[in-house]
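Visitor: Position in the sequence shown counted from 1, then plus 496, gives you the numbering used here.
Even for Gly, the Cβ is constructed at its ideal location relative to N, Cα and C.
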Amino acid sequence: MDYQKLFDSGVSRGEIAAWRATGKKALGVVCCHIPNELLHAADVLPVRLRATDCNDYSEAEVWMSTFSCSFAKSILQYLIDEVYDLDGIVVSDGCMQAVRIYDNWKAYAKKIGKEQTIVEIGAPRMSSPTTKAYYKEELLILADVLEKLTGNKITDERLLKSIEVYNEERRLIKQLLELQKAENPVITGAEALTIMLASTNMPVEEYIELLKAFLADASNRKPVSGYRARLMVIGGALDNPKYVEAVENKGGLIVADALCLSSMGFGDELKADSSDVMGSIASYYLNRIVCPRMIDNRDALHRFVVDRAKEYRVDGLLYEKMQNCECWGGENTYLEPMLKEAGIPVLYLEREEILANIGQLEIRAEAFVEMVEKED
């Protein structure tokens with residue numbers, strides 16, 4: 497089976513158009529606190545919104561605050577330009593930057609008379625019996641919206657089937673990540689990120705088949721050699737493999753990450769209690785480690801970063817953060833002591849969605865690679 501679609505990092509209009517041409521609905525998803533399983537169970541295509549290759553968000557900037565991050569503004573621009581031509585969007589308050597896509601797209605769509613299903617759900621920032629009950633109610637409200645949109649009843653049986661489909665995807669992604677542990681991996685960091693971004697471009701069943709084909713053929717790929725340092729990248733919503741390529745062109749091989757649009761967006765398998773399926777989904781999405789937005793699992797996130805860095809034997813860590821990023825903007829203050837104790841060097845990089853300062857990135861990456869290479 498030809499799996500080359502996995503290496504197309506661009507945003508696909510064709511897959512969405514083909515899906516909607518059959519009479520089915522497709523909804524954009526902002527933030528990873530919207531369970532794909534709910535949309536899938538309603539036979540809705542969940543499209544995780546990203547801004548890859550957006551080079552001009554000037555119209556979106558008119559609508560959004562100057563303090564909004566360029567990732568959020570770029571997604572709004574893609575909605576305005578119909579790069580994403582969807583039946584609507586589903587947003588959670590995962591961060592206060594991305595949630596601004598909700599109210600601004602709602603206002604813009606109303607202005608131009610575009611019929612859209614636009615939903616926002618609340619995702620608590622602490623995990624407790626009270627917050628889980630609240631989040632479950634939010635998911636039930638979303639399920640009701642999806643049922644009305646599609647006419648499909650979201651039953652426990654359908655949810656359990658959808659959970660198993662996405663668990664299969666998660667198992668395959670874990671196999672992909674295992675490839676990066678090798679001394680000479682058969683994929684670069686840019687390729688791994690591209691493969692995981694491809695999940696946003698197609699139905700999950702198609703993605704699973706392509707992943708299976710790639711993994712079956714992985715042993716035939718030429719191992720990566722000649723790199724000078726193994727690196728891990730963490731931080732905000734990084735959705736452009738060219739950013740990773742710039743680092744790898746200077747000798748730093750990215751072998752691990754803690755990014756919401758990469759490995760963190762998949763996570764461990766969801767274990768469902770058949771007596772409370774929606775409650776199981778709520779608990780899973782509220783408890784899993786993704787980013788620093790949760791008040792009560794920050795220490796767990798920090799331990800995860802350090803443990804993954806050790807597991808993948810990295811020589812240094814890249815901490816990239818979008819300007820005005822709410823979640824990752826100051827997290828280095830809390831994470832840095834643990835990294836120092838573990839002896840993991842860190843390079844802090846501030847960026848924008850548009851890769852205007854790629855030359856500066858290459859210079860700093862090369863200097864960092866030289867530094868950690870000497871420490872080996």
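Using DSSP with H/G/I as helix, E/B as strand and the rest coil, what is threonine 562?
Guide: In the sequence shown, counting from the first residue as 1, residue 562 sits at position 66. Here threonine 562 sits in coil by DSSP.
Visitor: Three or more beta-carbon pairs under 8 Å between the segment 549-558 and the segment 774-788, yes or no?
Guide: No, the segment 549-558 is not in contact with the segment 774-788.
Visitor: Would the beta-carbon of aspartate 581 fall within 8 Å of that of alanine 513?
Guide: Position 85 of the sequence shown, counted from the start, is the residue given in the question as residue 581. Position 17 of the sequence shown, counted from the start, is the residue given in the question as residue 513. In this structure, alanine 513 lies closer than 8 Å to aspartate 581 by Cβ.
Visitor: Leucine 534: which of Tyr781, Cys565, Ile650 sits nearest, CA to CA?
Guide: If you number the sequence shown from 1, residue 534 lands on position 38. Among Tyr781, Cys565, Ile650, the Cα nearest to that of leucine 534 belongs to Ile650.
Visitor: With aspartate 690 as the anchor, note down where its alpha helix (DSSP H) starts and where it stops.
Guide: Along the sequence shown, read from residue 1 onward, the residue named residue 690 stands at position 194. Per the sequence shown, residue 690 should be read as threonine rather than aspartate. Note, threonine 690: alpha helix (DSSP H), 685-693.
Visitor: My guess is that valine 700 and tyrosine 662 are in contact by the Cβ rule of under 8 Å, so how many angstroms apart are they, rounded?
Guide: Mapped onto the sequence shown, residue 700 falls at position 204. Mapped onto the sequence shown, residue 662 falls at position 166. That belief holds up - the Cβ atoms of valine 700 and tyrosine 662 are roughly 6 Å apart, short of 8 Å.
Visitor: Count the other CB atoms, across all protein chains shown, that sit within 10 Å of the CB of lysine 657; report buried if there are 16 or more and exposed otherwise.
Guide: Stepping through the sequence shown from its first residue, residue 657 is reached at position 161. By the 10 Å Cβ count, lysine 657 comes out exposed.
Visitor: Among Arg847, Ile859, Ser776, whose alpha-carbon lies nearest the alpha-carbon of cysteine 565?
Guide: In the sequence shown, the residue the question calls residue 565 occupies position 69. The shortest Cα separation from cysteine 565 among Arg847, Ile859, Ser776 belongs to Arg847.
Visitor: If you draw a straight line from the C-alpha of threonine 684 to the C-alpha of glycine 647, how long is it?
Guide: To locate residue 684, count along the sequence shown from 1; it is residue 188. To locate residue 647, count along the sequence shown from 1; it is residue 151. Taking the straight line from one Cα to the other gives about 43 Å.
Visitor: Excluding the 5 residues preceding and the 5 following alanine 778 in the sequence, name in chain order all residues of the same chain whose CB lies nearer than 7 Å to its CB.
Guide: Position 282 of the sequence shown, counted from the start, is the residue given in the question as residue 778. Hits under 7 Å: Lys628, Tyr631, Lys632, Leu635.
Visitor: In whole angstroms, what is the alpha-carbon distance linking alanine 712 and lysine 606?
Guide: Here residue 712 corresponds to residue number 216 of the sequence shown, with the count starting at 1. Here residue 606 corresponds to residue number 110 of the sequence shown, with the count starting at 1. Distance between the alpha carbons of alanine 712 and lysine 606: 48 Å.
Visitor: So who's on the other strand from threonine 613, going by DSSP bridges?
Guide: Numbered from 1 along the sequence shown, position 117 holds the residue referred to as residue 613. Beta-bridge pairing links threonine 613 to Gly584.
Visitor: Among residues of its own chain, excluding the 5 on either side of tyrosine 703, which ones have a beta-carbon nearer than 6 Å to its beta-carbon?
Guide: The sequence position of residue 703 within the sequence shown is 207, counting from 1. Answer for tyrosine 703: Ser695, listed in chain order.
Visitor: Can the beta-carbon of glycine 812 be found less than 8 Å from the beta-carbon of proline 833?
Guide: Along the sequence shown, read from residue 1 onward, the residue named residue 812 stands at position 316. Along the sequence shown, read from residue 1 onward, the residue named residue 833 stands at position 337. No, these two residues do not count as a Cβ contact at 8 Å.
Visitor: Can you tell me the Cβ-Cβ gap for leucine 502 and valine 525, rounded? I've got them flagged as a contact below 8 Å.
Guide: Taking the sequence shown and counting its residues from 1, one reaches residue 502 at position 6. Taking the sequence shown and counting its residues from 1, one reaches residue 525 at position 29. Not a contact, Cβ separation roughly 20 Å.
Visitor: So leucine 638 and isoleucine 597 are supposed to be a Cβ contact under 8 Å. How far apart are they, rounded?
Guide: Taking the sequence shown and counting its residues from 1, the one referred to as residue 638 is at position 142. Taking the sequence shown and counting its residues from 1, the one referred to as residue 597 is at position 101. About 17 Å; that fails the 8 Å criterion.
Visitor: Can you tell which of Tyr739, Val802, Glu674 has the C-alpha that lies nearest to the C-alpha of glycine 839?
Guide: Here the question's residue 839 lines up with position 343 in the sequence shown. Minimum Cα distance to glycine 839 is reached at Val802.
Visitor: If you draw a straight line from the C-alpha of alanine 688 to the C-alpha of glutamate 765, how long is it?
Guide: In the sequence shown, counting from the first residue as 1, residue 688 sits at position 192. In the sequence shown, counting from the first residue as 1, residue 765 sits at position 269. Computed Cα separation, rounded: 20 Å.
Visitor: Taking the beta carbon of aspartate 872 as the centre, do at least 16 other beta carbons fall within 10 Å, making it buried, or is it exposed?
Guide: Locating residue 872 in the sequence shown gives position 376, counting from the first residue. The predicted model places aspartate 872 with a pLDDT of 45, which falls under 50 and marks its position as unreliable, so this point remains unresolved.
Visitor: Just the C-alpha distance for phenylalanine 567 and aspartate 735, rounded to the nearest angstrom, thanks.
Guide: As a working mapping, residue 567 is identified with position 71 in the sequence shown. As a working mapping, residue 735 is identified with position 239 in the sequence shown. Computed Cα separation, rounded: 9 Å.
Visitor: Determine whether the beta carbon atoms of isoleucine 730 and leucine 755 lie at a separation below 8 Å.
Guide: Residue mapping note: residue 730 aligns to position 234 of the sequence shown, counting from 1. Residue mapping note: residue 755 aligns to position 259 of the sequence shown, counting from 1. In contact: isoleucine 730 and leucine 755 (Cβ atoms closer than 8 Å).
Visitor: Assuming alanine 619 contacts glycine 590 under a Cβ cut-off of 8 Å, what Cβ separation, rounded to an integer in Å, is found between them?
Guide: Residue mapping note: residue 619 aligns to position 123 of the sequence shown, counting from 1. Residue mapping note: residue 590 aligns to position 94 of the sequence shown, counting from 1. So it is a contact: roughly 6 Å between Cβ atoms.
Visitor: Drop a sphere of 10 angstroms on the beta-carbon of methionine 497, count the other beta-carbons inside from all chains shown, and report buried for 16 or more, exposed for fewer.
Guide: Against the sequence shown, residue 497 aligns to sequence position 1. When all chains shown are included, methionine 497 counts as exposed.
Visitor: Let me confirm a value: proline 737 is counted as buried when at least 16 other C-beta atoms fall within 10 Å, else exposed. Which label applies?
Guide: Here residue 737 refers to the residue found at position 241 of the sequence shown. Looking at its Cβ environment, which holds 16 or more other Cβ atoms inside 10 Å, proline 737 is buried.
Visitor: Going by Cα to Cα distance, which pick from Ile617, Leu857, Glu578, Ala796 is closest to glutamate 741?
Guide: As a working note, residue 741 is residue 245 in the sequence shown. Among Ile617, Leu857, Glu578, Ala796, the Cα nearest to that of glutamate 741 belongs to Leu857.
Visitor: With leucine 727 as the anchor, note down where its beta strand (DSSP E) starts and where it stops.
Guide: One-based indexing of the sequence shown puts residue 727 at position 231. Leucine 727 -> beta strand (DSSP E) spans 725-731.
Visitor: What are the start and end residues of the beta strand (DSSP E) that includes glutamate 496?
Guide: Not covered by the structure: residue 496. The range shown for the chain is 497 to 872.
Visitor: Could you give the DSSP three-state label for glutamate 846: helix, strand or coil?
Guide: What you label residue 846 is simply residue 350 of the sequence shown in a count that begins at 1. It is a strand residue.
Visitor: If you measure between the beta carbons of leucine 782 and tyrosine 815, is that distance less than 8 Å?
Guide: Walking along the sequence shown from the start, residue 782 turns up at place 286. Walking along the sequence shown from the start, residue 815 turns up at place 319. No, these two residues do not count as a Cβ contact at 8 Å.
Visitor: Per DSSP, proline 542 forms a beta bridge with which residues?
Guide: In the sequence shown, counting from the first residue as 1, residue 542 sits at position 46. According to DSSP, proline 542 bridges with Leu523.
Visitor: Using the Cα positions of phenylalanine 710 and lysine 644, report the straight-line distance between them to the nearest angstrom.
Guide: Residue numbering aside, residue 710 sits at position 214 when the sequence shown is read from its first letter. Residue numbering aside, residue 644 sits at position 148 when the sequence shown is read from its first letter. Taking the straight line from one Cα to the other gives about 38 Å.
Visitor: Who are the near neighbours of valine 586 in its chain, counting only those whose CB is closer than 6 Å to its CB and skipping five residues on each side?
Guide: Numbered from its first residue, the sequence shown carries residue 586 at position 90. Taken in chain order, the residues that qualify are Leu523, Val525, Ile530, Val615.
Visitor: Locate the alpha helix (DSSP H) running through valine 773, then write down its first and last residues.
Guide: Against the sequence shown, residue 773 aligns to sequence position 277. 773-783 is the span of the alpha helix (DSSP H), which, as asked, contains valine 773.
Visitor: So leucine 675 is in the alpha helix (DSSP H); what residue range does that whole segment cover?
Guide: Taking the first residue of the sequence shown as 1, we reach residue 675 at position 179. Unbroken alpha helix (DSSP H) run through leucine 675: 652-675.
Visitor: Using three-state DSSP, classify valine 786 as helix, strand or coil.
Guide: As a working note, residue 786 is residue 290 in the sequence shown. Coil.
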